[in-house]
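Below: the structure, in structure tokens.
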Amino acid sequence: MPELLYLDHNATTPIDPEVRAAMLPWLENEFGNPSSLYSLGRRAAAALSTAREQVAKLVGARPTEIVFNSCGTEATSSAILSALAIDPDKRHIITSTVEHSATIKLCDHLATRGYEITWLPVDREGRLDASKLDAAITSDTAVVSLLWANNETGVLFPVEEIATITARKKIPLHFDAVQAAGKVQINLEALGVQYVSLSAHKLYAPKGVGALYVNRRARYTPLFRGAQEESKRAGTQNVASIVAFGKAAELAQEHLLANAEHTCKLRDRFEQVLLSTIDGARRNGTDEPRLPNTTNLTFSGIEAESALLLFDKEGICCSAGSACSSASINPSHVLTAMGISRDEARASLRFSLGRTTTEADVDRALEIIPRIIARLRAARPIDGSPVHVSA
Ligand code: PLP
1099 MPELLYLDHN ATTPIDPEVR AAMLPWLENE FGNPSSLYSL GRRAAAALST AREQVAKLVG
1159 ARPTEIVFNS CGTEATSSAI LSALAIDPDK RHIITSTVEH SATIKLCDHL ATRGYEITWL
1219 PVDREGRLDA SKLDAAITSD TAVVSLLWAN NETGVLFPVE EIATITARKK IPLHFDAVQA
1279 AGKVQINLEA LGVQYVSLSA HKLYAPKGVG ALYVNRRARY TPLFRGAQEE SKRAGTQNVA
1339 SIVAFGKAAE LAQEHLLANA EHTCKLRDRF EQVLLSTIDG ARRNGTDEPR LPNTTNLTFS
1399 GIEAESALLL FDKEGICCSA GSACSSASIN PSHVLTAMGI SRDEARASLR FSLGRTTTEA
1459 DVDRALEIIP RIIARLRAAR PIDGSPVHVS A
């Protein structure tokens, strides 16, 4: 087996050893229910409080504004559904064409229930023009839900401008910051957004735990009813994973600038070498503002799926589109929404670096990737159509 070369940190991240160590006691002797009144339970409740403080600090919020739940998808659904439930007469939702499937699938479903959805477009570089949001808001708009950072291209949306517009028009605003948290600085107190989705597994903590930030001045009605999480999200909390989320948030906060600098330096070298040495290679999405760890590249004439299989044989993990869509052969909805042709989108790969990625990893990737691209292109039929390689 070749050594693993993991370049897919936007799909998920490995658990940090310090995070694992922090969570272990909560999987062993410290098994109390945080709602129990005896000391075993009270210690679990105290651990949740610490984690709440750590996650709040990462995003510049107050601990009371952090509601733990099962994942980023739940956070997004609960924010949008809460806004709709609070103002049932309003039937219009504004989002964008390049959202994560968590938002797209929910909005598609709501459209079948009679809600009107405005899908804001992006330009060829994946950028959102906030004036289009301003123009789309009507007296019927119940909620605006937009990405902070795109998971496929890393492109950042103009969150301050967006929040200024929704505040002026008094429309509840939700940001999906699942990819942004821990990679770029976030200060929710200064922003004045109502709801923000977060997920632990993009932060070197386990899967299956997330949080919704609910601004203390925002109205909120829960998806699950019961006592936990100040009645905002019922269900006995996943203490070990929440402790891990807290520790991961603390580490992300402490090393945010250093990690961003580290991944950005490696990403830029990786991207620049591939773009300058492989004919017909092109970056998708603007250079800036963008997450420091992400690059999305088209290698015309290849089929991304075939590249993934050949990369896998060499230990390289990356993705074609988002992890959720990479098992299907449909081209990425993000890239096609940017005006990239379906063929070009099918020839595109996302590489996302992480804090454990090294210079040697990049050197190895730069040796393997051009070789595989050349091999795929050489195997192309005479008509130039991409070759399909099976596993
Ligand atoms: N939003 C974005 C931008 C994501 O990248 C993801 C995960 O890929 C999610 C939401 C969903 O998060 P979770 O996997 O915790 O449900």
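Residue 1099 is where the sequence shown starts when you use my numbering, and the numbers rise one by one after that. We put the beta carbon where it would ideally sit given N, CA and C, even for glycine. Predicted model only: the values in this text are computed from it and were never measured.
Between ligand 1 and the CB of G1333, the shortest heavy atom gap is not smaller than 7 Å.
Counting C-beta pairs closer than 8 Å gives three or more between the region 1390-1397 and the region 1441-1448, which meets the contact rule. Burial of T1251 is indicated by the presence of at least 16 other C-beta atoms within 10 angstroms of its C-beta. E1172 is positioned such that its CB atom lies closer than 8 Å to that of G1308.
Between the alpha carbons of L1146 and A1298 lies a distance of about 14 Å.
Counting only runs of 3+ residues, the beta strand (DSSP E) found wholly inside the region 1183-1232 occupies 1190-1194 and 1214-1218, in chain order. Judged by their CB atoms, A1109 and S1417 are nearer to each other than the 8 Å cut-off.
With a beta-carbon spacing of about 14 Å, I1467 and L1407 fall beyond the 8 Å limit used to define contacts.
Counting along the chain, the unbroken beta strand (DSSP E) around D1274 starts and ends at L1271 to D1274. Going by DSSP, F1129 is part of no alpha helix (DSSP H) at all; its letter is neither H nor E. Between ligand 1 and the CB of N1391, the shortest heavy atom gap is not smaller than 7 Å.
Around the beta-carbon of P1100, fewer than 16 other beta-carbon atoms lie within 10 Å, marking it exposed. Bounds of any beta strand (DSSP E) do not take in F1343; it lies within the alpha helix (DSSP H) bounded by V1337 to E1352. Note on E1126: under 16 other CB atoms within 10 angstroms of its CB, so exposed under the neighbour-count rule.
With fewer than 16 neighbouring CB atoms inside 10 Å of its own CB, R1140 falls in the exposed class. Between A1279 and L1296 a beta carbon distance of about 5 Å is seen, short of the 8 Å cut, so the two are scored as contacting. Within the same chain, Cβ atoms closer than 6 Å to the Cβ of G1290 are found at A1261 and A1265, the five residues on either side in sequence being excluded.
Between L1271 and D1377, the alpha-carbon positions lie close to 43 Å from each other.
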